[in-house]
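Numbering (this note's numbering), first residue to last: 10 to 435.
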Ligand code: URA
């Protein structure tokens, strides 16, 4: 690659509001991955991008350069491949029932996932509460499992978009995470490198999400879909509500248990609705005509789940870990639960030990919050509203503080919740 570029010239160009050329982008990402461009230079460039943005073509090129910084998986399976990515929410366990459901309908679902950071949980942390289950697979194991079971949920391999891994860590400590082109290119570089032919994005909107407002979430969804299309990946985005936690369980083992309920034909209505809506969109992109609601009800998705867990060393029938300590929050009055804030519940679960503050921190498998009532349900004064679970009872006061003002009981039922707010198709 040409070396006549200088990092300072690239930084100045973006600082002064210019477009970056394809050659500048290719050079700076490659040089940063190899260590020739220093962290302080990339920090300055990330801040210039944060302040001055990148247009759709720059963002697509930036994504391409990050994909090319590592390997692109060659999934060669004989079924259509389709994946889902969520921008992160509270109680968002949808991958757990969704991956086996879509596989049971005939697609192959390679879901390379991450761990939780902050108030949103991570799929790998949840699955690691299943005794014996292992997140790390080799590329050969991923492809073999996709062929045999149809679904794999595992950790991203080291070689996938290394430029993003370095840049995301840098953005985390330089106040440059919340930029639409940087978020969109970060998410899509990993998904494109993963090699699925189709992708459905679940872009969360509301207090528990990255994007608090519908216009911001729509801008992110448009950027994500446009990058997917540019790279030949059939891509759709659902904008979905994240102002209230999804389902009743927020944590790790408690979310696995709720997902198993869904796979056995029960579970909370919102989790079932979103699982079926995302499955329908994934199957449509994959060109498969199947009725996901019927397949879920038939028990076939549960069979695929059990095979998926066993293939990664887990025991789907083993009892899940339970936290040592429980603390109940009672309803303050008779009435209707009018609100239950996703962010407040997410922070409470995190403080109880379900999440981590730094990447290297451990998580507690049994910790979390059970929402015993959801908005719109009638409650009586003193009735248990929330159940906090933890192995470290010292964490309870911090969790209770996070929940202050996070729920309300009144006379008027809240407006009914619309879960899927919009769908964007590439
Ligand atoms: N998730 C990612 O993978 N990257 C971001 O930049 C933000 C969320």
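Heads up, the beta-carbon is just placed ideally off N, CA and C, and yes, glycines get one too.
inquiry  = Below 8 Å on the Cβ atoms is my contact criterion, and I expect residue 176 with residue 51 to pass it. Report the Cβ-Cβ distance as a whole number of Å.
reply    = As a position in the chain shown, residue 176 is number 167, starting the count at 1. As a position in the chain shown, residue 51 is number 42, starting the count at 1. Indeed, because the Cβ distance is near 7 Å, the residues count as touching under 8 Å.
ask   = So what's residue 120 in DSSP terms, helix, strand or just coil?
value = Locating residue 120 in the chain shown gives position 111, counting from the first residue. Here residue 120 sits in strand by DSSP.
inquiry  = Measuring CB atoms only, is the stretch 104 to 117 touching the stretch 84 to 92, in the sense that at least three cross pairs come out at less than 8 Å?
reply    = By the criterion of at least three beta-carbon pairs nearer than 8 Å, the stretch 104 to 117 is in contact with the stretch 84 to 92.
key: DSSP bridge partner residues for residue 335 (one or two, in chain order)   = For this step, residue 335 is matched to residue 326 along the chain shown. DSSP output for residue 335 lists 398 as bridge partner(s).
task = Assuming residue 259 and residue 354 form a contact by the criterion Cβ under 8 Å, report the distance between their Cβ atoms to the nearest whole angstrom.
result = Counted from its first residue, the chain shown places residue 259 at position 250. Counted from its first residue, the chain shown places residue 354 at position 345. Under the criterion of beta carbons closer than 8 Å, residue 259 and residue 354 qualify as touching, at roughly 6 Å.
query = Just to check, is the beta-carbon of residue 201 closer than 6 Å to a non-hydrogen atom of the ligand URA?
reply = Translated into the one-based positions of the chain shown, residue 201 becomes position 192. Incorrect: residue 201 has no Cβ contact closer than 6 Å to the ligand URA.
task = For the alpha helix (DSSP H) holding residue 228, just list the boundary residues, first then last.
result = Taking the chain shown and counting its residues from 1, the one referred to as residue 228 is at position 219. Note, residue 228: alpha helix (DSSP H), 223 to 239.
task = Could you tell me if the beta carbon of residue 192 falls within a distance shorter than 6 Å of some heavy atom in the ligand URA?
result = Here residue 192 refers to the residue found at position 183 when the chain shown is read from its first residue. At least one heavy atom of the ligand URA is nearer than 6 Å to the Cβ of residue 192, so yes.
ask   = Given residue 65, which residues of its chain have a CB within under 6 Å of its CB, disregarding the five upstream and five downstream residues?
value = The residue labelled residue 65 in the question sits at position 56 within the chain shown. Excluding sequence neighbours, residue 65 sits near 235.
query = Which class does residue 363 belong to by DSSP, given the choice of helix, strand or coil?
reply = The residue labelled residue 363 in the question sits at position 354 within the chain shown. Of the three classes helix, strand and coil, the one that applies to residue 363 here is helix, per DSSP.
key: 8 Å contact criterion, which residue 140 and residue 324 should meet: CB distance rounded   = The residue you call residue 140 lines up with position 131 of the chain shown. The residue you call residue 324 lines up with position 315 of the chain shown. About 5 Å separates the two Cβ atoms, so the contact holds.
query = When you compare only the Cα positions, how much space is there between residue 72 and residue 173?
reply = Translated into the one-based positions of the chain shown, residue 72 becomes position 63. Translated into the one-based positions of the chain shown, residue 173 becomes position 164. A direct Cα-to-Cα measurement between residue 72 and residue 173 gives close to 9 Å.
query = Closer than 6 Å: is that where the CB of residue 318 sits relative to any heavy atom of the ligand ATP?
reply = This structure lacks the ligand ATP; its bound ligands are the ligand URA.
query = Is the stretch 286 to 296 close to the stretch 346 to 363, with three or more CB pairs under 8 Å?
reply = Segments in contact, no.
ask   = Just the Cα atoms here: how many angstroms apart are residue 311 and residue 110?
value = In the chain shown, the residue the question calls residue 311 occupies position 302. In the chain shown, the residue the question calls residue 110 occupies position 101. C-alpha separation (whole angstroms): 8 Å.
ask   = From residue 410 to residue 336, what distance separates their C-alpha atoms?
value = On the chain shown, position 401 is the one that residue 410 refers to. On the chain shown, position 327 is the one that residue 336 refers to. Those two C-alpha atoms are separated by around 13 Å.
task = Pick helix, strand or coil for residue 216, following the three-state DSSP scheme.
result = Taking the first residue of the chain shown as 1, we reach residue 216 at position 207. Note: residue 216 maps to coil in three-state DSSP.
request  = Put residue 91 into one of helix, strand or coil per three-state DSSP.
outcome  = Working through the chain shown from its first residue, we reach residue 91 at position 82. Residue state, collapsed to three classes: strand.
query = By a C-beta neighbour count over all protein chains shown, 10 Å radius and 16 as the cutoff for buried, is residue 215 buried or exposed?
reply = Counting from 1 along the chain shown, the entry for residue 215 is found at position 206. Using a 10 angstroms sphere on the CB of residue 215, the tally of other CB atoms reaches 16 or more, which defines it as buried.
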